[in-house]
Each structure stands twice: as C-alpha cells, then as structure tokens.
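Colleague:
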Amino acid sequence: KAVGTRVTPRQLSSRTVRVGENVMGVVGFAPYHMMRITDEQKRRSAENQHIDIAAESKERALERIQIGDYAVVDSPFIEMGENCKGRAMDSRLGCCAVLELLREAPDKAFDVVFTTMYEVGQRGMEVAAYTQQPDLVVSIGAVPATDIPGSLNKEDRVELGQGVCMALTDAGFAYPRNTVEAWSKAAKEAGIKSRVVQYAPDAAQAGYAALCRNGALALSLLIPCRTPAAPAGIMKKSDLNEAVAMLKLIAEKC
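First residue of the sequence shown? That's 4 in my numbering, and the numbers climb one at a time after it.
(1) Among the residues of its own chain, which have a CB less than 7 Å from the CB of Val-76, if the five just before and after it don't count?
(2) With respect to the alpha helix (DSSP H) encompassing Ile-253, which residues constitute its N-terminal and C-terminal limits?
(3) How should Arg-229 be labelled, buried or exposed, when 16 other C-beta atoms within 10 angstroms of its C-beta is the threshold for buried?
(4) Could you tell me the alpha carbon to alpha carbon distance between Glu-24 and Arg-67, rounded to whole angstroms?
(5) By the three-class DSSP mapping on this structure, what secondary structure does Gln-201 have?
(6) Evaluate the contact criterion for the segment 87-102 versus the segment 177-191: three or more CB pairs, one atom per stretch, below 8 Å.
(7) Taking only runs that begin and end inside the segment 116-191, name each unbroken alpha helix (DSSP H) of 4 or more residues, in chain order.
(8) Is Cys-215 helix, strand or coil when you go by DSSP?
(9) Let me know if Tyr-211 comes out buried or exposed under the rule of 16 or more other beta-carbons within 10 Å of its beta-carbon.
(10) In whole angstroms, give me the CA-to-CA distance for Ile-253 and Gln-52.
(11) Beta-carbon within less than 8 Å of Leu-171's beta-carbon, same chain only, minus the 5 sequence neighbours each way: which residues are those?
(12) Might you give, ordered along the chain, the residues of its own chain that have their beta carbon closer than 8 Å to the beta carbon of Val-115, omitting 5 neighbours on each side?
(13) Would you mind working out which of Arg-216, Val-161, Lys-111 sits nearest Leu-225, comparing C-alpha positions?
(14) Leaving out five residues before and five after Leu-220 in sequence, what residues of the same chain have Cβ atoms less than 8 Å from its Cβ?
(15) How close, in whole Å, do the beta carbons of Lys-196 and Glu-245 come, if the pair is a contact with beta carbons under 8 Å?
(16) Compare the beta carbon distance of Ala-74 and Val-29 with 7 Å and say whether it is the shorter of the two.
(17) Looking at the strands, I want to know which residues DSSP matches up with Met-27.
(18) What's the gap between the Cα of Ala-57 and the Cα of Arg-13?
(19) Just checking my contact of Ser-241 with Glu-85 at CB under 8 Å: how many whole Å lie between their CB atoms?
(20) Measuring straight from C-alpha to C-alpha, what distance separates Arg-126 and Met-120?
(21) Alpha carbons only, please: which of Pro-231, Pro-227, Gln-136, Gln-208 is nearest the one belonging to Phe-113?
(22) Can you tell me which of Met-249, Gly-31, Lys-61, Ser-223 puts its alpha carbon nearest to the alpha carbon of Ile-143?
(23) Can you tell which of Ile-54, Phe-32, Lys-61, Leu-250 has the C-alpha that lies nearest to the C-alpha of Gly-166?
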C-alpha cells in the first residue's frame, strides 16, 4: 500500500528501498518489454508490485521484516558540484533554512515553528498560528523549478540560481502585494538575490496561518527545486544561502 498523496506506482517501479529495520529491497514488476498492452493498467496499481528483499522463502523473509513494516525510497543526499540531490526536498529545504537561521539568529525574540500534516489540510500550521497569534507569518519551502525540458510553465519560469522566491498567489491564498513588494525591495537593498513569482502551487503554509483568528500579514519564501516532492529533488546551494539571508533580514527588521 502506497502512503502519501503523491506516491505513484510509476515512481516506485525498480526503485531501491529500505524496509523495516534497514533491510534493502527493490520494487519489482514485470518489465515493459515483457508485458502485454492490457497489462499496463495493472502496472499502475501498487497492489501489483512487490519488494524483492532476496529472501529464499516466506519464513526467511519474516525473520527480517514483518507485515506492516514501512518501506522508504533509498535516495541518499549527495552533492553535485554547486547543486545537491536528495529526497523530499520540498519540506527539508525549509527546515534546513530555519535551522541555519537559528544557528546565526540575531539577538531578537521571534517564534519558529516546524509543522506537520501539510498534506492533510495544513493542520499543523493552523494550530501553530491559532496558538501563537503572529503579526507576520513567514513560511519557507520549495517552489518547483521549471528550467527543465517539457515544463508547462514557460511564462513565469523559475530557475535554479535565481535566489529566494516570493509568491504572490498560491492554490488558496493571495498574498498582500504591498507586503511582498516591500520585502522584495528590502532584499534588493540588502544585496539578497530574490525574485517575485506570480503563482506557487505549494506555498500555502503562510496563507493558512494568515486566516486564523484575527489574521496576520503573510509572506511565502520559496527555494527553487527541480522535482521537489519526489525521491530525487535537485537544488542549488546558493539559493538556500539567499533564503537564509532573507530570513535573517526579516528577523532583524521585525
């Protein structure tokens, strides 16, 4: 059974995974050239895939894993020159940026929140915003980079190396234009590489928080990343550094 709204059998086929207590396996299915056309529909179902852990029998398999054990894609973090590759970059980039902010934080009081349940209605952010009642909410995450072949977004192209992005709209919220423009201007004056994007599909964290209780100003900071919500996303180190610099600037000025 696949867990997560963005996990598809196509993504999992032939992937190396870790099962239970660090048992290695490979997601298996009949290769395309050995399938009939009518079998293609079956391939799209996770129930028709299996994980090969090189066990000689069911008994030997149960010595290493149990029914109900989780399996995760084995996609280690690696550096690729000025870029980095890793899994689930959409969430991890934001966490990394905030941790760096805390490491170099200015001597001022501000709240930092790491939220959960993003995929099921932003519940974590709603609880945090309702409890903390902020005046300004700044979320930090990733925006899909469209500098790859076949990208549908050609008008508002997002590229690695453009610095930190600020969203004007997302799937459920329109960010105050004067707030976005003010921080964009502040970034330029501080020498921070940044740009404004018209629409970011996954930028909704700050937007949800802005609607809680008495409301709050909201700003969404985003780091360009190729295939962010996937087993292998690619980001540029300089973009992460610009995002950290932007967070520090906001913390100093607020």
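For every residue, glycine included, the Cβ atom is placed at its ideal position computed from N, Cα and C. Source: prediction; values computed, not measured.
Modeller: Taking the coordinates as given:
(1) Residue numbering aside, residue 76 sits at position 73 when the sequence shown is read from its first letter. Cβ within range, chain order: Arg-18, Val-20, Arg-90, Pro-234.
(2) Working through the sequence shown from its first residue, we reach residue 253 at position 250. Ile-253 -> alpha helix (DSSP H) spans 240-256.
(3) Within the sequence shown, the letter at position 226 stands for residue 229. In this structure Arg-229 is buried. Its beta-carbon is surrounded by 16 or more other beta-carbon atoms within 10 angstroms.
(4) Here residue 24 refers to the residue found at position 21 of the sequence shown. Here residue 67 refers to the residue found at position 64 of the sequence shown. Whole-angstrom Cα-Cα distance: 8 Å.
(5) If you number the sequence shown from 1, residue 201 lands on position 198. Gln-201: strand per DSSP, three-state reduction.
(6) The answer is no - the segment 177-191 does not touch the segment 87-102, with fewer than three Cβ pairs under 8 Å.
(7) As far as the segment 116-191 is concerned, its whole alpha helix (DSSP H) runs of at least 4 residues are 126-135.
(8) Numbered from its first residue, the sequence shown carries residue 215 at position 212. Residue state, collapsed to three classes: coil.
(9) Counted from its first residue, the sequence shown places residue 211 at position 208. Flag for Tyr-211 reads buried.
(10) Residue mapping note: residue 253 aligns to position 250 of the sequence shown, counting from 1. Residue mapping note: residue 52 aligns to position 49 of the sequence shown, counting from 1. Distance between the alpha carbons of Ile-253 and Gln-52: 48 Å.
(11) Locating residue 171 in the sequence shown gives position 168, where the first residue counts as 1. These residues qualify, in order along the chain: Ala-177, Tyr-178, Arg-180, Val-183, Val-199, Val-200, Gln-201, Tyr-202.
(12) Mapped onto the sequence shown, residue 115 falls at position 112. Correct list, in chain order: Val-101, Leu-104, Leu-105.
(13) Residue numbering aside, residue 225 sits at position 222 when the sequence shown is read from its first letter. Comparing Cα-Cα distances from Leu-225 to each of Arg-216, Val-161, Lys-111, the minimum goes to Val-161.
(14) The residue given as residue 220 occupies position 217 in the sequence shown. Only Asp-138, Leu-139, Val-140, Pro-179, Thr-182, Ala-213 meet the Cβ criterion.
(15) Indexing the sequence shown from 1 puts residue 196 at position 193. Indexing the sequence shown from 1 puts residue 245 at position 242. The beta carbons of Lys-196 and Glu-245 sit about 5 Å from each other, so the pair counts as a contact at 8 Å.
(16) As a first step, residue 74 is located in the sequence shown; it is residue number 71 there, counting from the start. As a first step, residue 29 is located in the sequence shown; it is residue number 26 there, counting from the start. Against a cut-off of 7 Å, the Cβ pair of Val-29 and Ala-74 comes out as no contact.
(17) For the purposes of this step, residue 27 is taken as residue 24 along the sequence shown, with counting starting at 1. Answer is Arg-21.
(18) Here residue 57 refers to the residue found at position 54 when the sequence shown is read from its first residue. Here residue 13 refers to the residue found at position 10 when the sequence shown is read from its first residue. Cα atoms of Ala-57 and Arg-13: separation of roughly 22 Å, rounded to the nearest angstrom.
(19) Start at 1 with the first residue of the sequence shown, and residue 241 comes out as number 238. Start at 1 with the first residue of the sequence shown, and residue 85 comes out as number 82. Going by Cβ atoms, the distance from Ser-241 to Glu-85 rounds to 7 Å, so yes, they are a contact pair.
(20) Position 123 of the sequence shown holds residue 126. Position 117 of the sequence shown holds residue 120. Roughly 6 Å separates the two Cα atoms.
(21) The residue you call residue 113 lines up with position 110 of the sequence shown. It is Gln-136 whose Cα lies nearest to the Cα of Phe-113.
(22) On the sequence shown, position 140 is the one that residue 143 refers to. It is Ser-223 whose Cα lies nearest to the Cα of Ile-143.
(23) Taking the sequence shown and counting its residues from 1, the one referred to as residue 166 is at position 163. The alpha carbon of Gly-166 has as its nearest neighbour, out of Ile-54, Phe-32, Lys-61, Leu-250, the alpha carbon of Leu-250.
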